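All residue numbers for the sequence shown refer to my numbering, where the first residue is 1 and numbers rise by one. The next block holds one structure in the form of structure tokens; read it before the comments.
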Amino acid sequence: MRIAEIDLESLSSLQIARLVMGERYYRGETADVIFVFGGQSPERVRHAAKLFHAGKAPLLLLSGGTKFGQRHPPEAVAMREQALELGVPPEVILIETDSNHTVENVLCSLVVLHRKVGLHRIRRLIAVTVPWHMRRSLLALRTYLPRWIEPIPCPVWLPGFDPQRWWEHPEASWRVPREARKVVAYVREGFVADEEVHL
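Dropping the structure here:
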């Protein structure tokens, strides 16, 4: 089934979770960079710092702007401060502060990454975000990354976002359905490329 063809009303709760959170989980792979999507949840940076300290990648790229002027300082600046507090050396932290949304996280970060490392040197990228944002983040990465760079999903574990029981959690019960609508809308409107999903 392709995402653009999905009728959300016909999906089970488990299928909605798979649509939003993805079907593949992190298996401990190493990569060239850990890419952290912007957001206000501090768990993203904590998760990325653990991956860095475990030797999973030599660089941290933190992406997030002001969200159309709503956030000051830019998300990535605050994320950098958190990463430093968690013992990540300043010289391995790259930040991108111009983006306003998920697709721009990817597009704006490409320039930062190219200037620092060279995109031709990147083969794998560990993508870190919250569970409900994983599918949309991967769609953006697969659409806009150069074809030779493989994005590896590595969602943050958060209580309540179990694919088997998300509807029982107060936050997940509204975030997951809202994100499902966003995923389908992003594809149908052409912001990201459509793909086959196995729900």
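Think of the CB as a built atom: it goes at the ideal place given N, C-alpha and C, for glycine as much as any other residue. Keep in mind the model is a prediction, meaning the values are calculated, not measured.
Return helix, strand or coil for Pro153, following the three-state DSSP convention.
-> Taking the sequence shown and counting its residues from 1, one reaches residue 153 at position 153. In this structure, Pro153 counts as strand in the three-state DSSP scheme.
How about Ile93 and Ile122: are their beta carbons less than 9 Å apart?
-> Indexing the sequence shown from 1 puts residue 93 at position 93. Indexing the sequence shown from 1 puts residue 122 at position 122. Against a cut-off of 9 Å, the Cβ pair of Ile122 and Ile93 comes out as no contact.
Start and end residues, beta strand (DSSP E) containing Arg124 = Mapped onto the sequence shown, residue 124 falls at position 124. It spans Arg124 to Val128 - the beta strand (DSSP E) in which Arg124 sits, taken as one unbroken run.
Using a Cβ-Cβ cut-off of 8 Å (strictly less than) and excluding sequence neighbours within five positions of Thr129, which residues of its own chain qualify?
-> Residue mapping note: residue 129 aligns to position 129 of the sequence shown, counting from 1. Cβ neighbours of Thr129 beyond the five flanking positions: Val36, Phe37, Gly39, Arg44, Ser137, Pro155 and Val156.
Pairing CB atoms from the region 80-89 with CB atoms from the region 105-124, are three or more of them under 8 Å?
-> By the Cβ test, the region 80-89 is not in contact with the region 105-124, since fewer than three Cβ pairs between them sit closer than 8 Å.
Buried or exposed for Arg181, please, with buried defined as at least 16 other CB atoms from any protein chain shown within 10 angstroms of its CB.
-> Locating residue 181 in the sequence shown gives position 181, where the first residue counts as 1. Counting Cβ neighbours within 10 Å, Arg181 comes out exposed, since fewer than 16 surround it.
Give the secondary structure of Leu62 by DSSP, where H, G and I count as helix, E and B as strand, and everything else as coil.
-> Here residue 62 corresponds to residue number 62 of the sequence shown, with the count starting at 1. If DSSP states are grouped into helix, strand and coil, Leu62 belongs with the strands.
Out of Ser63, Val77, Met21 and Pro177, which has the shortest C-alpha to C-alpha gap to Ser99?
-> Taking the first residue of the sequence shown as position 1, residue 99 is located at position 99. Residue Ser63 is the option with its Cα nearest to Ser99.
Are the CB atoms of Val216 and Arg142 nearer to each other than 9 Å?
-> Shown here, the chain extends from 1 to 199; a query on residue 216 therefore has no answer.
Within 9 Å, strictly: CB atoms of Ile6 and Val184 | Position 6 of the sequence shown, counting from 1, holds the residue named residue 6. Position 184 of the sequence shown, counting from 1, holds the residue named residue 184. Yes, the Cβ-Cβ distance between Ile6 and Val184 is below 9 Å.
beta-carbon Gly69 near the ligand COA non-hydrogen atom, thresh 8 Å = As far as ligands go, the structure on display features none, and thus does not contain the ligand COA.
Give the DSSP-derived three-state secondary structure of Leu84 in the structure shown.
-> Here residue 84 refers to the residue found at position 84 of the sequence shown. Leu84 falls in the helix class under three-state DSSP.
Going straight from the alpha carbon of Leu113 to that of Leu61, what length do you get?
-> Mapped onto the sequence shown, residue 113 falls at position 113. Mapped onto the sequence shown, residue 61 falls at position 61. Going from the Cα of Leu113 to the Cα of Leu61 covers about 8 Å.
Between Trp209 and Met21, is the Cβ-Cβ spacing less than 9 Å?
-> The requested residue 209 does not occur in the structure, where the chain is confined to residues 1 to 199.
Please list, in chain order, all residues of the same chain as Pro163 whose beta carbon is under 7 Å from its beta carbon, the five residues on each side excluded.
-> As a working mapping, residue 163 is identified with position 163 in the sequence shown. Here the set comprises Leu14, Ala17, Arg18 and Met21.
So Glu29 and Arg124 are in contact, right, with Cβ under 8 Å, and what is the actual spacing, rounded?
-> Walking along the sequence shown from the start, residue 29 turns up at place 29. Walking along the sequence shown from the start, residue 124 turns up at place 124. That pair is a contact at about 7 Å.
Would you kindly report the start and end of the unbroken alpha helix (DSSP H) that includes Glu96?
-> Reading the sequence shown from its first residue, position 96 is the one you call residue 96. Looking at the DSSP string, Glu96 is not in any alpha helix (DSSP H); the run it does join, the beta strand (DSSP E), is Ile93 to Glu96.
Own chain, CB closer than 7 Å to Arg24, minus 5 neighbours either side, in chain order | Stepping through the sequence shown from its first residue, residue 24 is reached at position 24. Shown here for Arg24: same chain residues with a beta carbon closer than 7 Å to its own, the five before and five after excluded, namely Pro153 in chain order.
Under 8 Å Cβ to Cβ from Leu145, same chain only, skipping five residues before and after it: list those, please.
-> Here residue 145 is taken as the residue at index 145 of the sequence shown, counted from 1. Result list for Leu145: Val106, Leu110, Leu125 and Pro151, in chain order.
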